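**Student:**
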Amino acid sequence: MARLGKVARGKRRWVGIHISPPADSRDSCEKAIAVPLGGIKWKMYDCRTDESGTLAIIRVSLGDCEEVTTRLNNSQNISTLTRSGKIRLVRQRMGINHSE
Numbered sequence: 015m016a017r018l019g020k021v022a023r024g025k026r027r028w029v030g031i032h033i034s035p036p037a038d039s040r041d042s043c044e045k046a047i048a049v050p051l052g053g054i055k056w057k058m059y060d061c062r063t064d065e066s067g068t069l070a071i072i073r074v075s076l077g078d079c080e081e082v083t084t085r086l087n088n089s090q091n092i093s094t095l096t097r098s099g100k101i102r103l104v105r106q107r108m109g110i111n112h113s114e
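Count the sequence shown with the numbering used here and you get residues 15 to 114, in order.
Printed below as a string of structure tokens:
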């Protein structure tokens, strides 16, 4: 079966977020993000935790990006740090090395 072409997949945005206090695991990080994003399709790609909190990168559709940013910034423990059409730029801005 042939893969979908780039146009058929739709445009995406990558959103870098900070969760404080730090999440215990990747699963708890996903659960924390899922609460404010109920009803919106998203996928988490990176999740890094240290003493200051958890950094995560999620992928959302271009049409949902503004709503996602608003919902996350209105939630108590989550804030958005950056967003871009390229995950490489979000990782670079957040200081996340993909090879870790």
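Every residue gets a Cβ at the ideal spot worked out from N, C-alpha and C, and that includes glycine. These figures come from a predicted structure and were not determined experimentally.
Pick helix, strand or coil for Ser42, following the three-state DSSP scheme.
**Tutor:** Counted from its first residue, the sequence shown places residue 42 at position 28. Three-state result, Ser42: helix.
**Student:** Around the C-beta of Thr84, are 16 or more other C-beta atoms found within 10 angstroms, so that it is buried, or is it exposed?
**Tutor:** Position 70 of the sequence shown holds residue 84. It counts as exposed.
**Student:** State the start and end residues of the unbroken beta strand (DSSP E) segment that holds Arg97.
**Tutor:** Residue mapping note: residue 97 aligns to position 83 of the sequence shown, counting from 1. Its beta strand (DSSP E) spans residues 92-98.
**Student:** Relative to the C-alpha of Ile110, which residue among Leu76, Pro35, Glu80, Cys61 is closest?
**Tutor:** For the purposes of this step, residue 110 is taken as the residue at position 96 of the sequence shown. Of Leu76, Pro35, Glu80, Cys61, the residue nearest in Cα terms is Cys61.
**Student:** Does DSSP put Met15 in a helix, a strand or coil?
**Tutor:** Translated into positions along the sequence shown, residue 15 becomes position 1. Three-state DSSP puts Met15 in coil, outside helix and strand.
**Student:** Taking DSSP's pairing of strands, which residues face Lys57 in a bridge?
**Tutor:** Numbered from its first residue, the sequence shown carries residue 57 at position 43. Beta bridge pairing from DSSP links Lys57 with Arg73.
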